[in-house]
Every structure is written in C-alpha cells, then in structure tokens.
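Peer 1:
Protein chains in written order, with my numbering: chain A, 13 to 221; chain B, 2 to 163.
#1: Taking one C-beta from the segment 106–114 of chain B and one from the segment 71–81 of chain B each time, how about it: are there three or more such pairs within less than 8 Å?
#2: Using the beta-carbon of each residue, which ones in chain B are nearer than 8 Å to residue 157 of chain A?
#3: Straight-line CA distance for residue 99 of chain B to residue 112 of chain B?
#4: Cβ of residue 42 of chain A less than 7 Å from any chain B Cβ?
#5: Taking Cβ positions, are residue 39 of chain B and residue 153 of chain B nearer each other than 7 Å?
#6: Quick one: give me the first and last residue of the beta strand (DSSP E) that residue 26 of chain B is part of.
#7: May I ask you to report which of helix, strand or coil DSSP gives residue 160 of chain B?
#8: Count the other CB atoms, across all protein chains shown, that sit within 10 Å of the CB of residue 25 of chain B; report buried if there are 16 or more and exposed otherwise.
#9: Have a look at A:151, A:64, A:36, A:74 and flag the residue whose alpha-carbon is nearest the alpha-carbon of residue 180 of chain A.
#10: Comparing alpha-carbon positions, which option in A:188, A:47, A:199, A:167 lies nearest residue 125 of chain A?
#11: Quick one: grab the DSSP three-state call for residue 80 of chain B.
#12: Would you say residue 185 of chain A reaches chain B, if we count a Cβ-Cβ gap shorter than 7 Å as a contact?
#13: So, residue 92 of chain B versus residue 120 of chain B, is the Cβ gap smaller than 7 Å?
#14: From residue 184 of chain A to residue 52 of chain B, what distance separates their C-alpha atoms?
#15: Curious, which full-length beta strand (DSSP E) runs of at least 3 residues does the segment 91–131 of chain A contain?
#16: Count the other C-beta atoms from every protein chain shown that fall within 10 angstroms of the C-beta of residue 108 of chain A, then say buried if there are 16 or more, exposed otherwise.
#17: 7 Å is my cut-off, CB to CB: does residue 124 of chain B come that close to chain A?
#18: What does the alpha-carbon distance come out to for the pair residue 146 of chain B and residue 139 of chain B?
#19: Given that a residue counts as buried once 16 or more other Cβ atoms are within 10 Å of its Cβ, and exposed if not, what is residue 204 of chain A?
#20: Rounded C-beta distance between residue 128 of chain B and residue 143 of chain B? I'm assuming under 8 Å.
#21: How would you call residue 130 of chain A, buried or exposed, if buried means at least 16 neighbouring beta carbons within 10 angstroms?
#22: Let me confirm a value: residue 135 of chain B is counted as buried when at least 16 other C-beta atoms fall within 10 Å, else exposed. Which label applies?
#23: Once the 5 residues before and after residue 211 of chain A are set aside, which same chain residues still bring their CB inside 6 Å of it?
#24: Tell me whether residue 86 of chain B sits in a helix, a strand or coil according to DSSP, three-state version.
#25: I need the DSSP call for residue 148 of chain A, collapsed to helix, strand or coil.
#26: Hey, how far is the Cα of residue 93 of chain A from the Cα of residue 213 of chain A?
#27: Please check the pair residue 12 of chain B and residue 36 of chain B, which I expect to be a contact at CB under 8 Å, by giving their CB distance rounded to whole angstroms.
#28: Under a CB-based cut-off of 7 Å, is residue 128 of chain A close to chain B?
#29: Going by alpha carbons, who is nearest to residue 137 of chain A out of A:115, A:128, A:144?
#30: Check whether the segment 94–104 of chain A touches the segment 39–50 of chain A, counting contact only when three or more Cβ pairs, one atom from each stretch, lie closer than 8 Å.
#31: Taking Cβ-Cβ distances shorter than 9 Å, what residues in chain A pair up with residue 128 of chain B?
#32: Count the other C-beta atoms from every protein chain shown that fall within 10 angstroms of the C-beta of residue 1 of chain B, then say buried if there are 16 or more, exposed otherwise.
#33: Helix, strand or coil: which one does DSSP assign to residue 55 of chain B?
#34: Quick check: the Cα distance between residue 58 of chain B and residue 90 of chain B, rounded to an integer number of angstroms?
#35: Nearest-angstrom Cα distance between residue 147 of chain A and residue 71 of chain A?
#36: For a test of your reading of the model: does the CB of residue 108 of chain A fall under 6 Å from any non-hydrogen atom of the ligand SAH? Yes or no.
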C-alpha cells in the first residue's frame with residue numbers, strides 16, 4: 013500500500029519526535045560518548061561472579077577519568093584500595109597492607125576497563141564492536157579484543173542516555189565482573205591533583221618487578 | 002576462639018603484597034580449600050583472574066591468565082618463576098587460619114605485635130583477629146616480605162554442620 017503524503021509526513025513527524033537516545037543503538041552511543049567525554053565522574057558498584065556459583069564478591073567506590081590516560085579508581089568497600097593512573101604510571105595503594113606499588117601504565121593496564129574508559133577515542137582499533145541487546149533501557153555492546161593477548165575474553169559495555177551505564181567483563185576462567193556506574197557526570201571540571209599520587213607517610217613504595 | 006585443626010572446606014578473599022629485594026608486587030586472591038586440594042585465584046583489583054594455582058597433595062599446577070597450564074611441580078619454585086616471588090603455598094593453607102602445618106616442624110613464640118610462627122624457613126607474624134582466624138599475616142624470609150590481609154571468611158567445619 014502506498015502512503016498518502018499526509019500519512020507519511022505524520023509518520024515522519026512521529027519518527028523524529030522520538031528522542032535520539034531512544035533509538036541510537038549501543039555502538040553509536042558508545043562511539044559518540046568516547047568522542048565527547050573528555051572527563052568523567054561516577055560512583056560504581058562491582059559484583060564478581062565465580063564460575064562455580066560461589067557467593068559473589070561485592071564492592072563499590074568512586075572513579076574519575078581525565079582522558080587520555082588519567083584516572084583515579086577508588087574502592088571503599090569491602091576494603092580500601094586506590095588505583096591512580098597519572099598518564100605514565102599506575103599507582104596501587106592498599107592501606108591495610110601499607111604498600112604502594114608503582115608500575116608503567118602501559119604494561120599493567122593495556123587492556124583493563126580503566127584503560128578502556130581512560131584510553132584513546134578509537135575503541136575500534138583494539139576492539140570489534142557489535143550491538144548485543146537492549147535490557148532494561150541499557151543498550152549493550154559487545155567488545156571483542158582484536159589482540160589475543162588479553163586478560164579477558166569478552167567485554168560488554170552498557171550505554172544509557174548516551175552515557176556509560178555498565179560494564180561486564182568475562183575472563184578466561186569463566187569469571188564475570190559486572191560494574192554498574194551511577195551518578196555519571198560527563199565532562200565535569202576535575203582538579204588535576206587527584207591524578208597525581210602522593211604516597212602516604214609510613215607506606216612502602218615499591219616498583220613492580 | 003581459634004581453630005585447632007584444618008576445616009574440611011574454607012574459602013577466603015584476601016590481598017597480598019610482596020616485597021622482594023626492594024621490588025613490589027600486589028594482587029588480590031581467593032583461596033579455596035576443599036577436601037582434595039586447594040585452588041588459589043590471583044586477581045587484579047577489578048576481579049579479573051591473572052592466574053590460578055592448584056595444589057593437590059604434593060602436586061602444584063599453575064594456569065596463566067589465558068587458562069593455559071604453564072608448568073607443574075614445586076609451588077614455591079613455580080610462583081617464583083611465574084609471579085616473581087615464591088608463595089609458600091604448602092604452609093599457607095594452615096597459616097591463613099592461624100595454624101601450623103602439623104606434618105612439618107614448627108615453633109611458636111610471641112612478640113608485642115602478636116604470635117609468631119617459624120615453619121618451612123619462614124617467620125609468620127599474625128596480627129588482628131576475626132572470630133576464628135587471623136586477619137593479617139606477615140611472612141618473612143631473607144630478602145622477602147609478604148603481607149596478607151584477609152576478609153570474608155567462609156569456614157565449613159563438619160562438627161558445626163546440623
């Protein structure tokens with residue numbers, strides 16, 4: 013059946029009235045997010061699920077990212093742990109162990125979620141991106157590492173309203189890490205000093221082997 | 002009250018920091034003790050598995066982050082090669098619980114920080130205590146210090162089962 017001009021323009025009007033995010037697919041949301049977000053601030057909660065169905069490990073904290081290459085990933089629960097990427101080095105601080113380990117950022121984070129979010133715009137250089145599904149308003153994108161040298165088999169990124177909402181990582185031991193991002197702020201003004209790590213008094217600072 | 006013998010099964014999450022001749026290493030781990038052996042997953046803070054060790058009797062196996070078997074044999078030698086520092090796994094399954102391995106010579110003493118155990122050529126210092134097991138351990142050997150923080154114990158003792 014051929015549509016009459018009026019009907020088709022009505023259809024067009026309805027079509028264009030739908031907010032862009034409602035039908036922008038996950039891959040497009042992710043790409044424009046990576047293009048536009050120079051900085052990021054969010055709370056996160058993390059669930060690690062073992063293959064054998066043992067009790068999941070729960071954690072939570074906050075993160076800030078200044079792209080490219082700078083991030084501060086703070087765990088508050090179930091224990092304090094701080095990861096700071098200052099652009100060239102990664103600092104890991106564990107207050108309970110009173111130890112700071114510092115290593116070169118590229119070798120330690122080459123393929124971690126922090127590097128993925130803090131890294132360059134060009135995700136497609138390292139990952140094959142594919143729309144997966146939309147569940148509860150989150151558009152999931154499968155990112156398969158092009159390099160086989162990866163610690164994880166598969167990453168899935170969840171986009172909502174043009175922002176990162178979740179990440180799901182599967183490692184080679186059948187373990188799944190699910191990270192949910194809340195209170196996501198895109199392009200907030202961030203103080204530069206939070207991406208510099210000053211070792212606390214009394215902590216051992218050691219280079220990684 | 003402390004444990005007096007190794008429970009049939011236990012599982013604990015922890016973090017480990019090793020200091021070897023001035024160099025450092027840090028990781029998270031999950032230790033699972035079952036009746037027929039132990040499995041230790043070494044993880045990054047984000048929960049990704051960087052390696053798995055399996056101990057059964059006197060056999061030790063190490064799987065790299067791709068899940069491939071790297072080698073088998075003595076665990077201290079294996080971990081020294083794969084991680085850069087030796088993990089005294091044979092003793093650790095007892096030490097984590099504040100116990101000494103009953104099948105090997107050991108001696109106990111005390112200092113201001115807590116209890117001290119000498120076994121397998123290591124000095125083990127236990128500090129902090131949760132209900133049944135220690136929450137902090139420091140393992141020392143010449144040129145090497147390993148600190149361990151434990152949380153979230155799941156201990157399954159047959160005697161307390163209904």
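Even glycine gets a Cβ: it sits at the ideal position worked out from N, Cα and C.
Peer 2: Straight from the coordinates:
#1: By the Cβ rule, the segment 106–114 of chain B does not count as touching the segment 71–81 of chain B, because fewer than three pairs are nearer than 8 Å.
#2: Result: empty, since nearest Cβ-Cβ is about 12 Å, beyond 8 Å.
#3: C-alpha separation (whole angstroms): 15 Å.
#4: When Cβ-Cβ separations below 7 Å define contact, residue 42 of chain A makes no contact with chain B.
#5: Not a contact, by the Cβ cut-off of 7 Å.
#6: It spans 24–35 - the beta strand (DSSP E) in which residue 26 of chain B sits, taken as one unbroken run.
#7: Unreliable positioning characterises residue 160 of chain B in this predicted model, as indicated by a pLDDT of 49, which lies under 50. The coordinate reading is nonetheless provided below. DSSP places residue 160 of chain B in helix when its eight states are reduced to three.
#8: Buried, by the Cβ-count rule.
#9: The shortest C-alpha separation from residue 180 of chain A is found at A:151.
#10: Closest option to residue 125 of chain A, Cα to Cα, is A:167.
#11: Note: residue 80 of chain B maps to helix in three-state DSSP.
#12: With a threshold of 7 Å between beta carbons, residue 185 of chain A makes contact with chain B.
#13: The answer is yes: Cβ separation under 7 Å.
#14: Taking the straight line joining both Cα atoms gives about 10 Å.
#15: As summarised for the segment 91–131 of chain A, the continuous beta strand (DSSP E) elements at least 3 residues long and confined to that stretch are 93–98, 101–106, 111–116, given in chain order.
#16: Residue 108 of chain A should be labelled buried.
#17: Interface criterion not met: the Cβ of residue 124 of chain B is under 7 Å from no Cβ in chain A.
#18: Roughly 7 Å between the two C-alpha positions.
#19: Flag for residue 204 of chain A reads exposed.
#20: Residue 143 of chain B and residue 128 of chain B do not touch by the CB rule: their CB atoms are close to 21 Å apart, not below 8 Å.
#21: By the neighbour-count rule (16 or more Cβ atoms within 10 Å), residue 130 of chain A is buried.
#22: Under this definition residue 135 of chain B is a buried residue.
#23: Once the five neighbours on either side are set aside, the close Cβ partners of residue 211 of chain A are 112, 217.
#24: Reduced to three states, the DSSP call for residue 86 of chain B is coil.
#25: Three-state DSSP puts residue 148 of chain A in coil, outside helix and strand.
#26: Taking the straight line joining both Cα atoms gives about 16 Å.
#27: 13 Å between Cβ atoms; not a contact.
#28: No, its Cβ sits nowhere closer than 7 Å to a Cβ of chain B.
#29: It is A:128.
#30: No, they do not touch.
#31: Correct list: empty, because the minimum Cβ distance to chain A is about 11 Å.
#32: The question about residue 1 of chain B has no answer, for chain B in this structure spans 2 to 163.
#33: DSSP places residue 55 of chain B in strand when its eight states are reduced to three.
#34: Each residue's CA atom was taken as its position, placing residue 58 of chain B and residue 90 of chain B some 11 Å apart.
#35: The straight-line gap separating the alpha-carbon atoms of residue 147 of chain A and residue 71 of chain A is approximately 23 Å.
#36: Annotation note on the ligand SAH: not contained in the displayed structure, which lists no ligands.
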